[in-house]
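Using UniProt numbering, you'd call the opening residue of the sequence shown number 1 and step up by one each time.
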Amino acid sequence: MKDPVCGMTVTAQSQHRTEHEGRPYYFCSAKCLGKFTADPARYVQPTAPAAPAPRPAEAAPGAIYTCPMHPEIRQDHPGNCPKCGMTLEPVMPELDEAENPELVDFKRRFWWTLPLTIVVTVMAMFGHRLGWFDMARQSWIELVLTLPIVLWAGAPFFVRGAQSIANRSPNMWTLIGLGTGAAFVYSVVATVAPQVFPASFVSMGRVAVYFEAAAVIISLTLLGQILELKARSQTSAAIKSLLGLAPKTARRIAADGSESDVPLTHVHVGDLLRVRPGEKVPVDGVVVEGSSALDESMLTGEPLPVTKRVGDKLIGATMNTSGALVMRSEHVGSATVLAQIVQMVAMAQRSRAPMQRMADQVAGYFVVGVVGIALLTFFAWGFFGPEPSWVYGLINAVAVLIIACPCALGLATPMSIMVATGRGATSGVLFRDAAAIENLRKIDTLIVDKTGTLTEGRPSFERAVAAAGHTEDEVLRLAASLDQGSEHPLAAAIVSAARERGLSLEKPEQFDSESGIGVRGTLGGRSLALGNTALMAQLGVDVAPLASQAEALRAQGASVMHLAVDAKLAGLLAVSDPIKATTPDALKSLRAAGLRVVMATGDGLTTARAVGQRLGIDEVHGEVKPADKLELVAKLQAEGKRVAMAGDGINDAPALARADVGIAMGTGTDVAMNSAQLTLVKGDLRGIATARALSVATVANMKQNLGFAFVYNALGVPLAAGVLFPFTGWLLSPMIAALAMSLSSASVITNALRLRKATLLQD
1 MKDPVCGMTV
11 TAQSQHRTEH
21 EGRPYYFCSA
31 KCLGKFTADP
41 ARYVQPTAPA
51 APAPRPAEAA
61 PGAIYTCPMH
71 PEIRQDHPGN
81 CPKCGMTLEP
91 VMPELDEAEN
101 PELVDFKRRF
111 WWTLPLTIVV
121 TVMAMFGHRL
131 GWFDMARQSW
141 IELVLTLPIV
151 LWAGAPFFVR
161 GAQSIANRSP
171 NMWTLIGLGT
181 GAAFVYSVVA
191 TVAPQVFPAS
201 FVSMGRVAVY
211 FEAAAVIISL
221 TLLGQILELK
231 ARSQTSAAIK
241 SLLGLAPKTA
251 RRIAADGSES
261 DVPLTHVHVG
271 DLLRVRPGEK
281 VPVDGVVVEG
291 SSALDESMLT
301 GEPLPVTKRV
311 GDKLIGATMN
321 TSGALVMRSE
331 HVGSATVLAQ
341 IVQMVAMAQR
351 SRAPMQRMAD
361 QVAGYFVVGV
371 VGIALLTFFA
381 WGFFGPEPSW
391 VYGLINAVAV
401 LIIACPCALG
411 LATPMSIMVA
421 TGRGATSGVL
431 FRDAAAIENL
441 RKIDTLIVDK
451 TGTLTEGRPS
461 FERAVAAAGH
471 TEDEVLRLAA
481 SLDQGSEHPL
491 AAAIVSAARE
501 RGLSLEKPEQ
511 FDSESGIGVR
521 GTLGGRSLAL
531 GNTALMAQLG
541 VDVAPLASQA
551 EALRAQGASV
561 MHLAVDAKLA
571 GLLAVSDPIK
581 ATTPDALKSL
591 RAAGLRVVMA
601 TGDGLTTARA
611 VGQRLGIDEV
621 HGEVKPADKL
631 ELVAKLQAEG
641 KRVAMAGDGI
651 NDAPALARAD
661 VGIAMGTGTD
671 VAMNSAQLTL
681 VKGDLRGIAT
691 ARALSVATVA
701 NMKQNLGFAF
711 VYNALGVPLA
721 AGVLFPFTGW
731 LLSPMIAALA
741 MSLSSASVIT
751 NALRLRKATL
761 LQD
């Protein structure tokens, strides 16, 4: 059932509940319950206890709205940004959302007043030649026709302009409001009270009016906003495509074996679900029956189907291509990989790039400077220009105000970031924020973990070596019993091997993970420790009796763990982890890009060197603790290096957070992903090269946009002010200025949209 306030799916077991008119209602939180109790009539419909459908001007339940230019502006209802005046957008777009209500409104205003604008413009340009009316009467006709254009079609612009002044945040609407308002008010006064103007203002039998300038500027601004809103809607296409991946229903297997199709919102953790050939996996889970090849390309970017068998993990929204599967759901709703990807992309799209700070600082002073230039233009033409000098001054001042709108400057980087994050998500590369996109291209040193990063992260047990007084099976059984509480891939291999041999495992009375070096616990009254030589040295355990066997296993590339019982060596366990098939190509691409690659792993130094030699990595650090990885990152940074750290485990989290860019494998732990600025969904190092190529392309795109915006204003403002008039006789009409202003914003967005088709290395 649905929470009637926010629309979230809840169950009858929810502790937040109440009754209204004899009907029970359930809520996701105490906050929603409080809102409902305060005003039940607002949320109750006669047909069902569901939240009323939002009208275009209302907020969708639970939606958060933000500004494309200023992501720090956030509120729970639609409106305009107090800083720049732009209409706020939902942080998370809906898959089936209706057309943008602002776009609908602007279209209506534009098309209803466009005929009036055309008539006013034709009269202003040709009325005196055709002799339809005497010029004084024509001014009154133009006033009547222009009134609905300015007062109705242009009303949103004047409201935003007034808000910008009230909020002490001058922006593009300040300039548009001043420019069109000045032209319109001057023309009204010239029509109603022409006697207040000196004779120099009279032209062709009337005081010159510029109703057509105000009308055309408003119509062209509306057209520019329509084009901009349509283009901006395309920047959320990536999120909508991700939302569209999830199936709407799942086939649930009941306890009695019966099957039924249920809405995806009714699937709970632990449910058994059947996935037939050609169907999408409904939620994240694990295979409990059957095997099949799954196409995961929509989430990971991996083009080849991946074979899944019993015990393998499944990602929701991936496609089952061949066999039938039965799965157990493990993550549903917002906990699924797809939901987390969508959330991460949405957060990254609304973050601010460091490069934008410069544009914001410039824009903050730019509007005030433009108003000053417009006033200077007005008085310079009035005192020193040719007759009618003050009319020239007014028109040129209006042109300055209109052409200098900083909208293109404000949109330059946000649009690039929105498109780039969506482009990365479709390639299995998730940026946490805009800073990560901007910084990744500067990286010159990459530190990589071994297990789960260079290797598959799915180790297989090789063998156990028993010390005197112990047997191999006993060593394996004790180690597996202790490792049941660990999430490390090496621990999973040991536990799996023990169960395959039919060994009876016990539950440890105590368990403690020594992050990066091993685990400790108590079993049957005995103190156990399992880990590398660093842990043994910490406990004072002598590993010399089996040192030669351990070194021989490490030389073969195996990871070796020591088992100590009551502070005495009981044996060794060797686990091998095959190198990912994509790792050699990935490292080749990274080196070709000029990156220095360093391996840092908790495995023994011999094992690390064996793997490093096979991959051509010369700089290898073995038996490093989390603090050591952190120290390595800090040391390289102190040397002036820009460091990225790639890892997948809890022990990598401190280094991931300290690095200039932390890169987490999507196949790793939540802690690692929460500490990183970049997540590779597939856990494939080739994604780093892809992400770096996208970073380079995005920053280049942002520079292009910023450069265009700066050059546009640098050239447009002097031209509008009439600097070239003494030399060429050229003046820039306010109407042409309005068209140029609108097209500048549209061109910036169009340039940003080119990133959707950028060629990346993985492509």
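A virtual CB, placed ideally from N, CA and C, is assigned to each residue, including glycine.
Own chain partners of residue i with C-beta closer than 7 Å, once the 5 adjacent residues on each side are dropped
i	result
Leu175	Val367, Val370, Leu401, Ile402, Ala404, Cys405
Ala752	Met415, Ser416, Val419, Asn701, Asn705
Arg756	Val419, Arg423
Ile315	Val281, Asp284, Glu296, Leu299, Val337
Asp566	Arg526, Ser527
Leu731	Asn396, Gly722, Phe725
Leu114	Ser219
Pro148	Thr113, Leu116
Burial state of residue i, where buried means 16 or more other Cβ atoms lie within 10 Å
i	result
Phe157	buried
Trp152	exposed
Val207	buried
residue 784	The structure shown does not extend to residue 784, since the chain is modelled only from 1 to 763, so the question has no answer here.
Ser334	exposed
Phe110	buried
Ala547	exposed
Ser460	exposed
Gly622	buried
Ala53	A caution first: Ala53 carries a pLDDT of 33, below 50, which makes its placement in the model too unreliable to give a value.
Tyr43	buried
Gly640	exposed
Phe378	buried
Ala693	buried
Asn167	exposed
Leu715	exposed
Option nearest residue i by Cα separation, candidates the options
i	options	result
Arg309	Ser291, Asp295, Thr87	Ser291
Leu394	Leu178, Ser322, Leu294	Leu178
Val429	Ser576, Ala691, Gly531	Ala691
Ala644	Leu632, Phe110, Ala638, Gly662	Gly662
Pro654	Ala676, Trp390, Ala124	Ala676
His562	Gln613, His488, Pro626, Ala464	Ala464
Gln343	Cys32, Val633, Ile64	Ile64
Glu330	Pro282, Val269, Pro305, Phe383	Val269
Ala479	Ile494, Phe36, Phe725, Ala293	Ile494
Leu223	Ala136, Ala124, Gly323, Asp105	Asp105
Ala534	Ser486, Ala581, Lys625, Gly521	Lys625
Ala399	Phe384, Leu376, Thr421	Leu376
Arg432	Val122, Ala657, Gly521	Ala657
Ser695	Ala435, Asp473, Ala608	Ala435
Ala697	Val189, Thr117, Gly311, Glu438	Glu438
8 Å contact criterion, which residue i and residue j should meet: CB distance rounded
i	j	result
Leu530	Gly518	5 Å
Val699	Arg441	6 Å
Glu456	Asp577	6 Å
Ala593	Ala689	6 Å
Thr601	Glu551	Their Cβ separation, rounded to whole angstroms, is 17 Å, which puts Thr601 and Glu551 out of contact at 8 Å.
6 Å Cβ shell around residue i - same chain, five flanking residues per side excluded
i	result
Gln75	Tyr65
Thr307	Ala293
Gln637	Val643
Pro56	Caution is warranted here: a pLDDT of 38 is assigned to Pro56, below 50, making its placement in the model unreliable, and no coordinate value can be reported.
Leu476	Ala464, Ala498
Phe184	Val150, Ala214
Gly382	Ser389, Trp390, Gly393
Gly161	Trp173, Thr174, Gly177
Phe511	Gly485, Gly521
His20	Pro40
Ile617	Val597, Met599
Cβ shell of residue i (< 8 Å), same chain only, five flanking positions each side left out
i	result
Ala610	Arg554, Ala555, Gln556, Gly557
Ala59	Per-residue confidence for Ala59 stands at a pLDDT of 49, beneath the threshold of 50, marking its modelled position as unreliable; the derived number appears in the next sentence. Excluding sequence neighbours, Ala59 sits near Tyr65, Asp76, His77, Pro78.
Leu685	Val448, Thr453, Leu454, Lys580, Thr582, Thr583, Ala586, Leu587, Leu590, Ala646
Discussion item. Restricting to runs no shorter than 4 residues, where is the alpha helix (DSSP H) found entirely within the segment 293 to 335?
Written reply: For the segment 293 to 335, whole alpha helix (DSSP H) runs of length 4 or above, ordered along the chain, are 297 to 300.
- Task: Can you check the segment 365 to 411 for any alpha helix (DSSP H) of at least 4 residues that lies completely inside it and give the ranges in chain order?
- Result: 389 to 403, all fully within the segment 365 to 411.
**Q.** Continuous alpha helix (DSSP H) assignments of at least 4 residues falling wholly in the segment 475 to 533
**A.** For the segment 475 to 533, whole alpha helix (DSSP H) runs of length 4 or above, ordered along the chain, are 489 to 500.
- Fully enclosed by the segment 559 to 609, which beta strand (DSSP E) runs are 3 residues long or longer? List check, beta strand (DSSP E) in window: 559 to 565, 568 to 576, 596 to 600.
In the segment 654 to 735, which residue ranges form an unbroken alpha helix (DSSP H) of at least 4 residues, counting only runs that do not cross its ends?
Those alpha helix (DSSP H) runs which fall completely within the segment 654 to 735 and span 4+ residues are 670 to 675, 686 to 721, 725 to 728.
Notebook entry, point to check: Which runs of the alpha helix (DSSP H) spanning at least 4 residues fall entirely within the segment 123 to 167, listed in chain order?
Noted result: Fully enclosed alpha helix (DSSP H) runs of 4 or longer: 135 to 148, 155 to 166.
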